[in-house]
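One structure below.
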Amino acid sequence: DAGITQSPRHKVTETGTPVTLRCHQTENHRYMYWYRQDPGHGLRLIHYSYGVKDTDKGEVSDGYSVSRSKTEDFLLTLESATSSQTSVYFCAISEGRVQPQHFGDGTRLSIL
Amino acid sequence: RKEVEQDPGPFNVPEGATVAFNCTYSNSASQSFFWYRQDCRKEPKLLMSVYSSGNEDGRFTAQLNRASQYISLLIRDSKLSDSATYLCVVNEGNTDKLIFGTGTRLQVFP
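Residue numbers (the numbering used here), protein chains in the order written: chain W, 2 to 113; chain G, 25 to 134.
Here's what the structure looks like:
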């Protein structure tokens, strides 16, 4: 399995609090991605990164920000969490553009 | 029309059966195609890439039909362990982004 670690694996928090999810990879891949998965919607891209400090928005980026200061770490931040952001969040990595992506185990986030 | 569409199923088949899933995509500029499987409450895992000439990996065969803009996955001699959701994945035109279908659920019974 690809060396991808997501933390935390589970989190419950309250509306209005900030939340940061971490994705750590040991594969030295250039591309990293954050997705959310909800019933009926499949996987939707939030943000992605194509290098250190290089990021771009996905289709559901509102309410989320990201940072990548090192090749191995990609952080997803919810500045002020809302109940609509309750979801399962997956990090993925790939060697290059439109190459197969490999996923972390996911983070189950509940916003009450 | 959704960018990537799949029949959600479920497909309920007995062990040993052959089952096929189709997936249609809307952007004719798409160039990269994949099938992933996802077990309940787990992460998606790459099953196979789909090449223009079609490709096979053991009991699994993937086909691409550019004219009709669909890809297919054929599973022969189904096993209980094949029970999962199968995700069709297509790149968004000429961009770096992959679009995931919502998946087709397969249940193999004894």
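Backbone N, C-alpha and C fix where the C-beta goes; we use that ideal spot for every residue, glycine too.
- [ ] Check the Cβ-Cβ distances between G:F58 and every residue of chain W, and say whether any is below 8 Å.
- [x] Yes, G:F58 lies at the interface with chain W (some Cβ there is under 8 Å from its Cβ).
Task: Alpha-carbon spacing of W:Q86 relative to G:A86, whole angstroms - done: The alpha-carbon atoms of W:Q86 and G:A86 are separated by roughly 35 Å.
Open item on the list: Please return the same chain residues whose Cβ sits closer than 8 Å to the Cβ of G:N79, not counting the five positions on each side in sequence.
Closed with: Counting only residues of its own chain and dropping the five nearest sequence neighbours on each side, G:N79 has a CB closer than 8 Å to the CB of M72, S73, T85 and A86.
Open item on the list: So if DSSP puts W:K58 in a beta bridge, which residue, or which two residues, is it bridged to?
Closed with: According to DSSP, which records beta bridges pairwise, W:K58 is partnered with W:H48.
Open item on the list: Tell me the residue span of the beta strand (DSSP E) that contains W:C92.
Closed with: Secondary structure note for W:C92: its beta strand (DSSP E) is the uninterrupted segment S88 to S95.
- [ ] Look at the alpha carbon of G:E27 and the alpha carbon of W:R109, and state the distance between them as a whole number of angstroms.
- [x] Computed Cα separation, rounded: 26 Å.
Open item on the list: Let me confirm a value: G:T135 is counted as buried when at least 16 other C-beta atoms fall within 10 Å, else exposed. Which label applies?
Closed with: The structure shown has nothing for residue 135 of chain G, since chain G only spans 25 to 134.
- [ ] Within 10 angstroms of the Cβ of W:C92, are there 16 or more other Cβ atoms? Answer buried if so, exposed if not.
- [x] That one is buried.
Task: Bridge partner(s) assigned by DSSP for G:A44 - done: DSSP, once it has assigned bridges, lists G:L98 as partnering G:A44.
Open item on the list: I want to see whether chain W comes within less than 8 Å of G:G55, judged by CB atoms only; does it?
Closed with: One detail in the question is off: residue 55 of chain G reads as Gln in this sequence, not Gly. It does: the Cβ of G:Q55 has a partner Cβ on chain W nearer than 8 Å.
- [ ] Determine the extent of the beta strand (DSSP E) in which G:V114 is found, giving its start and end residues.
- [x] First-last of the beta strand (DSSP E) with G:V114: A108 to N115.
Task: Residues of its chain near G:S107, where Cβ-Cβ distance is below 7 Å and the 5 sequence neighbours each way are ignored - done: Cβ within range, chain order: L130, Q131 and V132.
- [ ] If I'm right that W:E73 touches W:R31 with Cβ under 8 Å, what's the distance once you round it to whole angstroms?
- [x] With 8 Å as the limit, W:E73 and W:R31 do not qualify as a contact, their Cβ atoms being about 11 Å apart.
Open item on the list: Is the separation between the beta-carbon of W:L79 and that of W:R23 shorter than 8 Å?
Closed with: With respect to W:R23, W:L79 sits apart: the two C-beta atoms are not nearer than 8 Å.
TODO: Just the chain G side, please: which residues come within less than 7 Å of W:G4 by C-beta, in chain order?
DONE: Residues of chain G whose Cβ lies closer than 7 Å to the Cβ of W:G4 do not exist; the shortest such Cβ separation is about 13 Å.
Task: Cutoff 6 Å; reference W:H11; Cβ partners in own chain excluding five residues on either side - done: Taking C-beta separations shorter than 6 Å and ignoring five residues to either side along the sequence, the partners of W:H11 in its chain run R109, following chain order.
- [ ] For the beta strand (DSSP E) containing W:R31, list its first residue and its last residue.
- [x] Neither: W:R31 is in no beta strand (DSSP E) and is coded neither H nor E.
Task: Where W:L79 meets chain G, residues with beta-carbon distance less than 8 Å - done: Result: empty, since nearest Cβ-Cβ is about 20 Å, beyond 8 Å.
TODO: Tell me whether W:E60 is buried or exposed, calling it buried when 16 or more other Cβ atoms sit within 10 Å of its Cβ.
DONE: Classification of W:E60: exposed, given that the 10 Å Cβ count is below 16.
Open item on the list: Could you check whether the Cβ of W:F104 sits closer than 8 Å to any Cβ belonging to chain G?
Closed with: By this cut-off, W:F104 is an interface position.
Open item on the list: Just verifying my parser: in three-state terms, what is the DSSP assignment at W:L113?
Closed with: The answer is coil: DSSP assigns W:L113 none of H, G, I, E or B.
- [ ] Count the C-beta pairs between the region 98 to 113 of chain G and the region 50 to 61 of chain G that are closer than 8 Å, then say yes if the count reaches three, no if not.
- [x] Of all C-beta pairs linking the region 98 to 113 of chain G to the region 50 to 61 of chain G, three or more are shorter than 8 Å, placing the two stretches in contact.
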